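**Q** Residue numbers (my numbering): 188 to 484. Every residue gets a Cβ at the ideal spot worked out from N, C-alpha and C, and that includes glycine. Values in this document were obtained by computation on a predicted structure and should not be read as measured data. Before anything else, here's the structure in question.
Pasting the structure below:
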């Protein structure tokens with residue numbers, strides 16, 4: 188199935204213990220790159236949240252943000268770095284003794300220095316079981332958000348597939364035109380070679396069988412039937428991958444590389460057979476498809 192790697196989901200879960208807000212954004216990326224933001228007091232839940240995201244997503248740069256507001260008030264705790272304050276006070280006394288500053292170092296001054304004082308919030312009067320319930324709510328909320336994100340990526344994938352399928356049909360038509368023109372051109376080359384041999388055959392003794400073999404070889408060098416057959420197979424395989432339930436972005440990207448290789452070979456072998464313009468158009472179409480596939484999961 189073709190899923191876009193671009194998506195957004197946001198939801199709020201409320202129960203008697205807390206309100207949980209989850210926001211997830213995703214954009215295209217070669218691999219699965221997870222960025223998770225949780226309240227500091229719930230940092231231990233990161234591995235559980237990461238597991239939920241990894242289970243539901245396979246590729247993309249994903250930013251997940253979780254905010255939790257408990258029903259009960261949060262009790263602040265103040266932590267003072269005594270060693271830092273002692274060093275700071277000594278330095279202040281020294282510059283004051285030199286007359287560089289005046290006054291005294293007050294508690295208000297310390298509060299404005301992040302290295303001296305840190306203020307943290309903790310859940311007031313919450314048992315371990317209740318904190319565990321918050322973790323359960325967070326995990327369930329992230330699962331729902333991932334489902335919403337996936338639904339949006341599927342909807343975007345429908346539009347991506349419509350565009351890619353249309354271009355696939357266009358490419359198929361181009362290759363069939365090239366095949367017809369190359370067949371006609373190769374026959375024309377063989378005819379012109381035979382005429383040229385007849386023109387000079389009256390003056391030079393030549394082995395007619397050898398000449399005939401060389402004519403066939405020259406015509407075979409412009410034979411693109413194998414490349415056309417492989418290109419048709421790639422187009423058919425594209426449809427199989429698009430219908431699969433598995434993520435197919437990387438495989439589609441590989442197929443495009445193979446199709447581009449076949450088109451390059453066709454352009455080289457069929458040079459002079461009047462197909463150059465179609466080959467250029469086919470390569471341009473493949474490049475447009477490649478740009479679209481970069482956003483397929």
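Residue 369 and residue 337: beta carbons closer than 9 angstroms?
**A** No, these two residues do not count as a Cβ contact at 9 angstroms.
**Q** Between 321, 350 and 418, which lies nearest to residue 366 when the distance is taken from Cα to Cα?
**A** Checking every option, the nearest Cα to that of residue 366 belongs to 418.
**Q** Could you name the residues of the same chain whose beta carbon sits closer than 6 angstroms to that of residue 477, not counting the 5 residues immediately before and after it, in chain order?
**A** Hits under 6 angstroms: 443.
**Q** Exposed or buried, residue 391, counting other C-beta atoms within 10 Å across all chains shown (16 or more means buried)?
**A** Unreliable positioning characterises residue 391 in this predicted model, as indicated by a pLDDT of 48, which lies under 50. The coordinate reading is nonetheless provided below. Classification for residue 391: exposed.
**Q** Between which two residues does the beta strand (DSSP E) containing residue 418 stretch?
**A** Note, residue 418: premise wrong, no beta strand (DSSP E); alpha helix (DSSP H) at 412-430.
**Q** Going by CA-CA distance only, name the one from 475, 208 and 470 that's closest to residue 321.
**A** Nearest C-alpha to residue 321: 208.
**Q** Hey, how far is the Cα of residue 435 from the Cα of residue 468?
**A** Using only the alpha carbons, I get a separation of about 25 angstroms.
**Q** Measuring only the C-alpha atoms, how far is residue 312 from residue 206?
**A** At residue 312 the pLDDT is 49, less than 50, meaning the model places this residue with poor confidence and gives no usable figure here.
**Q** Which parts of the stretch 195-270 are runs of the alpha helix (DSSP H), unbroken and 4 residues or longer, counting only runs that do not cross its ends?
**A** Segments of the alpha helix (DSSP H) lying fully in the stretch 195-270: 233-243.
**Q** Have a look at the DSSP bridge pairing and note the partners of residue 483.
**A** DSSP output for residue 483 lists 191 as bridge partner(s).
**Q** Kindly indicate which residue of 268, 201 and 256 has the alpha-carbon position closest to the one of residue 302.
**A** It is 268.
**Q** Count the C-beta pairs between the stretch 413-430 and the stretch 348-358 that are closer than 8 angstroms, then say yes if the count reaches three, no if not.
**A** Yes, the stretch 413-430 is in contact with the stretch 348-358.
**Q** Under the rule that 16 or more other beta-carbon atoms within 10 Å means buried, what is residue 413, buried or exposed?
**A** Classification of residue 413: exposed, given that the 10 Å Cβ count is below 16.
**Q** Please go through the same chain and pick out, in chain order, the residues whose beta-carbon is closer than 8 angstroms to the beta-carbon of residue 245, but skip the five residues on each side of it.
**A** Result list for residue 245: 219, 434 and 484, in chain order.
**Q** Give me, in chain order, the residues of the same chain whose beta-carbon lies closer than 6 angstroms to that of residue 449; leave out the 5 immediate sequence neighbours on both sides.
**A** The answer, listed in chain order, is 414, 417 and 418.
**Q** By Cβ distance, which residues of its chain are closer than 8 angstroms to residue 292, with the 5 residues on each side in sequence left out?
**A** Same-chain partners within the cutoff: 275, 276 and 279.
**Q** Measuring CB to CB, does residue 232 end up less than 9 angstroms from residue 326?
**A** Yes; because the gap between Cβ atoms is below 9 angstroms, this pair is in contact.
**Q** Quick one: is the Cβ of residue 455 within less than 8 angstroms of any heavy atom of the ligand FAD?
**A** Of ligands this structure carries none, so the ligand FAD is not represented either.
**Q** Once you ignore the five residues that flank residue 480 on each side, which residues in its own chain have a CB closer than 8 angstroms to its CB?
**A** Answer for residue 480: 351, 436, 439, 440 and 443, listed in chain order.
**Q** Out of curiosity, what's the CA-to-CA distance linking residue 332 and residue 210?
**A** Near 7 angstroms, if we compare the C-alpha coordinates of residue 210 and residue 332.
**Q** Could you give the distance in angstroms between the alpha-carbon of residue 359 and the alpha-carbon of residue 451?
**A** Cα to Cα, residue 359 sits roughly 15 angstroms from residue 451.
**Q** In the DSSP output, which residue or residues are listed as bridge partners for residue 306?
**A** Looking at the DSSP assignment, residue 306 forms a beta bridge with 265.
**Q** Roughly how many whole angstroms lie between the Cα atoms of residue 346 and residue 194?
**A** Near 13 angstroms, if we compare the C-alpha coordinates of residue 194 and residue 346.
**Q** Taking DSSP as the reference, what is the three-state secondary structure of residue 473?
**A** The answer is helix: DSSP assigns residue 473 an H, G or I state.
**Q** Taking buried to mean at least 16 other C-beta atoms within 10 Å of its own C-beta, is residue 456 buried or exposed?
**A** So residue 456 counts as buried.
**Q** What's the gap between the Cα of residue 355 and the Cα of residue 328?
**A** Rounded to the nearest angstrom, the two C-alpha atoms are 40 angstroms apart.
**Q** Can you tell me the Cβ-Cβ gap for residue 258 and residue 203, rounded? I've got them flagged as a contact below 8 angstroms.
**A** At roughly 7 angstroms, the Cβ-Cβ gap stays under 8 angstroms, so residue 258 and residue 203 are in contact.
**Q** Using DSSP with H/G/I as helix, E/B as strand and the rest coil, what is residue 300?
**A** Coil, per DSSP.
**Q** Could you tell me the distance, in whole angstroms, from the CA atom of residue 241 to the CA atom of residue 463?
**A** In a straight line, the C-alpha of residue 241 is about 46 angstroms away from that of residue 463.
**Q** Could you give the C-beta distance for residue 272 and residue 297, rounded to a whole number, given that I count them as a contact under 8 angstroms?
**A** Confirmed, Cβ separation roughly 6 angstroms.
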